[in-house]
Amino acid sequence: MEENQEATVAGPVKIVVIGVGSVGSATAYTLLLSGIVNEIVLIDINKDKAEGESMDLNHAAPSITKSRAGDYADCAGAAIVIVTCGINQKHGQTRMDLAAKNAKIMQDIIPNVAKYAPDTILLIATNPVDVLTYISYKASGFPLNRVIGSGTVLDTARFKYILGDHFKISSDSIDACVIGEHGDSGVPVWSLTNIDGMKLRDYCEKSKQDFDEEAFQKIFEQTRDAAYDIIKRKGYTSYGIAAGLLRIVKAILEDTDSVLTVSTVGDYFGVEQIAISVPTRLNKSGAHQAAELTLDENEIELMKKSAGEIKSVLKNLNIA
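If you're matching positions, the sequence shown starts at 1 in full-length UniProt numbering and goes up one per residue.
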């Protein structure tokens, strides 16, 4: 990924959320409660739904943050446009099963955003997010640093939570991440995972717990399959991704240079021109390369496979 062009965040902050289904409405509510934005504009093909959500949001927190329904012209002046619309993943479907239909939706939406908000930062959350981040980059004509996918930010949060639950400690004490595809080929970086500042094996030894590779494999399977398990029970996911999107938005608006595992476009692991998640530095101008992880041989091979699977979907869509 290259660093091309600065986006500037100054004065009152407007965020646009396109798509007010389960993810979009949860994201708008999370943004409202955060207090970091002045205006939230909701855009949806169902205008009544967008208006109803905006009314409800205003009643939830009658403060300096206001919400309203709008259209593409209202993207003008937005610091960030968050895209959550598309066909939802159903029980039994993989994220990649959604690719063709949601690719068409992105190709319709993104040029309209770019027309009215040529200086905004695009934040893509629709699945399959890596494929659609790349499509959004091509459709927008934006520089690489201003097209960001939510990537494996949620996978990483799930991974840390499940690890914390296993070891009976706070996930705040765990430094771990999932990289690669936001989906079935995501890669847990076990070689760099540490707890309380210690490598995983050392922590297990010091705390007199088993270094149980079979248990660790089950932990990652729980992480990988979390969305399927949630969708099976409640029909969709919303809160986890909304919280992840807030973390990304805060890093950008507050210019923190935080490193998060978002999806960005570039050449990765021998595969050219894809979007995939690696640790990435975020600030007011968007996404920038962070220090490259030193992975072990197995993790490198898994990342090559993950990158290849994303590229394969793009080729099947006649985009790569």
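All residues carry an ideal CB built from backbone N, CA and C; glycine is no exception.
For residue j and residue i, believed in contact at Cβ under 8 angstroms, the rounded distance
i           : j           : result
residue 109 : residue 83  : 7 angstroms
residue 79  : residue 15  : 6 angstroms
residue 276 : residue 307 : 6 angstroms
residue 81  : residue 129 : The pair is not a contact, with the Cβ atoms about 15 angstroms apart (cut-off 8 angstroms).
residue 164 : residue 174 : 6 angstroms
residue 310 : residue 223 : About 19 angstroms; that fails the 8 angstroms criterion.
Three-state secondary structure (DSSP) of residue i
i           : result
residue 267 : strand
residue 290 : coil
residue 8   : A caution first: residue 8 carries a pLDDT of 49, below 50, which makes its placement in the model unreliable, though a value can still be read off. Three-state DSSP puts residue 8 in coil, outside helix and strand.
residue 149 : strand
residue 162 : helix
residue 119 : coil
residue 69  : strand
residue 111 : helix
residue 88  : coil
residue 275 : strand
residue 19  : coil
residue 181 : coil
residue 38  : coil
residue 175 : strand
residue 193 : coil
residue 207 : coil
residue 312 : helix
residue 63  : coil
residue 83  : strand
Proximal residues to residue i (C-beta, below 8 angstroms), its chain only, five neighbours per side dropped
i           : result
residue 12  : 38, 39
residue 205 : 211
Residue i: CB within 8 angstroms of a non-hydrogen atom of the ligand ATP
i           : result
residue 243 : In terms of ligand content, the structure shown is empty, and the ligand ATP therefore cannot be addressed.
C-beta contact flag for residue i and residue j at 9 angstroms
i           : j           : result
residue 293 : residue 192 : yes
residue 286 : residue 148 : yes
residue 133 : residue 259 : no
residue 282 : residue 257 : yes
residue 159 : residue 118 : no
residue 66  : residue 20  : no
Beta-carbon proximity list for residue i, same chain, < 6 angstroms, skipping 5 on both sides
i           : result
residue 232 : 91
residue 8   : Only weak support is given to the placement of residue 8: the predicted model assigns it a pLDDT of 49, under 50, and the question is left unresolved by the model.
residue 156 : 177, 178, 261
Contacting residues, own chain, Cβ-Cβ under 7 angstroms from residue i (five flanking each side not counted)
i           : result
residue 235 : none
Item to check | the stretch 140 to 153 / the stretch 92 to 108 touching (three or more Cβ pairs under 8 angstroms) | outcome: no
Next on the checklist: If contact is defined by three or more beta carbon pairs under 8 angstroms, each pair taking one atom from either stretch, is the stretch 204 to 211 in contact with the stretch 55 to 63?
Outcome noted: no
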